[in-house]
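Asks: Questions regarding the structure given below will be posed in turn.
Numbering (the working numbering), first residue to last: 11 to 229.
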């Protein structure tokens with residue numbers, strides 16, 4: 011069954027390239043990201059895991075612990091990592107675990123299968139799912155790409171920046187927002203509170219005369 015925003019991420023034991031773990035224990039009190047891949051030794055997945063590894067310092071800077079999942083055993087993952095490092099020009103220790111899911115048990119549990127894409131045996135491939143999990147273990151973001159389309163990890167970082175900002179501040183981030191950009195005061199904030207919380211905010215005039223577009227520097 012697919013997971014919805016606000017659902018608790020299941021706490022499951024799993025075999026990974028870093029040994030046996032339980033997901034909640036691995037994430038601890040941090041933010042977390044779980045991203046799935048159709049299979050080892052596949053071209054698009056190789057590019058994705060390589061970019062994710064290069065961006066690992068950016069995720070760490072945001073307090074986000076990374077973990078991937080692919081429908082192959084751990085020994086396959088370990089061999090594949092060498093190819094990813096060679097292709098991507100990465101050296102040293104691999105920065106995040108990769109979960110083994112050869113029977114697709116977790117892919118089914120987490121609603122990650124792509125019924126339109128099949129492997130050689132005719133089984134559905136794991137879709138390119140992304141779950142961002144908050145410190146409360148609740149799902150804050152879910153994205154589902156088909157197996158044929160690689161993800162943009164810079165966009166995922168941008169969304170995490172927005173999630174971490176808006177969880178504490180009474181703002182929303184507009185289209186194409188980036189860190190440091192102007193934000194929108196939430197419609198639920200009263201005029202008096204908006205003046206107090208965001209003294210430099212401005213209200214955009216629109217033909218309807220409704221003062222709902224309130225722009226403020228990023229708090």
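In this text, a Cβ means the ideal position worked out from N, Cα and C, and glycines have one as well.
Since I believe residue 83 is in contact with residue 110 (beta carbons under 8 Å), could you give me their beta-carbon distance rounded to a whole number of angstroms?
Replies: Your numbering for residue 110 matches position 100 in the chain shown. Your numbering for residue 83 matches position 73 in the chain shown. Contact flag correct, Cβ pair sits at about 5 Å.
Asks: Quick one: measure Cβ to Cβ for residue 16 and residue 149, integer angstroms, because I've assumed they're closer than 8 Å.
Replies: Here residue 16 refers to the residue found at position 6 of the chain shown. Here residue 149 refers to the residue found at position 139 of the chain shown. Right, the Cβ-Cβ distance comes to about 7 Å (below 8 Å), so this counts as a contact.
Asks: Considering only DSSP beta bridges, list what residue 41 is partnered with.
Replies: Here residue 41 refers to the residue found at position 31 when the chain shown is read from its first residue. Beta-bridge annotation (DSSP): residue 41 is paired with 74.
Asks: From 213, 142, 209, 193, pick the residue whose C-alpha is nearest to that of residue 72; which is it?
Replies: Looking up residue 72 in the chain shown gives position 62. Answer by Cα proximity: 142.
Asks: Thinking C-alpha only, which one of 47, 67, 227 is nearest residue 188?
Replies: Reading the chain shown from its first residue, position 178 is the one you call residue 188. Selection 47, 67, 227 evaluated against residue 188 yields 227 as nearest (Cα-Cα).
Asks: Which one of 98, 81, 161 has the shortest CA to CA distance from residue 112?
Replies: Position 102 of the chain shown holds residue 112. Residue 112 has its Cα closest to that of 81, out of 98, 81, 161.
Asks: What number of angstroms, rounded off, separates the C-alpha of residue 163 from the C-alpha of residue 34?
Replies: Numbered from 1 along the chain shown, position 153 holds the residue referred to as residue 163. Numbered from 1 along the chain shown, position 24 holds the residue referred to as residue 34. Cα-Cα distance, rounded: 23 Å.
Asks: Starting from residue 155 and walking both ways along the beta strand (DSSP E), at which residues does that stretch end?
Replies: Your numbering for residue 155 matches position 145 in the chain shown. Where residue 155 is concerned, the enclosing beta strand (DSSP E) stretches over 149-155.
Asks: Where does residue 47 fall in DSSP's three states?
Replies: Taking the chain shown and counting its residues from 1, one reaches residue 47 at position 37. Three-state result, residue 47: strand.
Asks: Given a cut-off of 9 Å on the beta-carbon distance, is the pair residue 145 and residue 37 in contact?
Replies: Along the chain shown, one-based indexing puts residue 145 at 135. Along the chain shown, one-based indexing puts residue 37 at 27. For residue 145 and residue 37, yes; Cβs fall inside 9 Å.
Asks: Going by beta carbon distance, what residues of the same chain come within less than 7 Å of residue 211, once the five residues before and after it are set aside?
Replies: The sequence position of residue 211 within the chain shown is 201, counting from 1. These residues qualify, in order along the chain: 195, 204, 224, 225, 226.
Asks: Roughly how many whole angstroms lie between the Cα atoms of residue 123 and residue 197?
Replies: Numbered from its first residue, the chain shown carries residue 123 at position 113. Numbered from its first residue, the chain shown carries residue 197 at position 187. If I take the Cα positions, the gap works out to 37 Å.
Asks: For the beta strand (DSSP E) holding residue 23, just list the boundary residues, first then last.
Replies: Taking the first residue of the chain shown as 1, we reach residue 23 at position 13. Boundaries of the beta strand (DSSP E) harbouring residue 23: 23-26, taken from the DSSP string.
Asks: In this structure, what does DSSP give as the bridge partners for residue 30?
Replies: Counted from its first residue, the chain shown places residue 30 at position 20. 25.
Asks: Flag this pair as touching only if the region 50-67 and the region 18-30 have three or more C-beta atom pairs under 8 Å; answer yes or no.
Replies: no
Asks: Measuring CA to CA, which of 58, 115, 182 is closest to residue 155?
Replies: In the chain shown, counting from the first residue as 1, residue 155 sits at position 145. For the residues 58, 115, 182, the minimum Cα distance to residue 155 belongs to 58.
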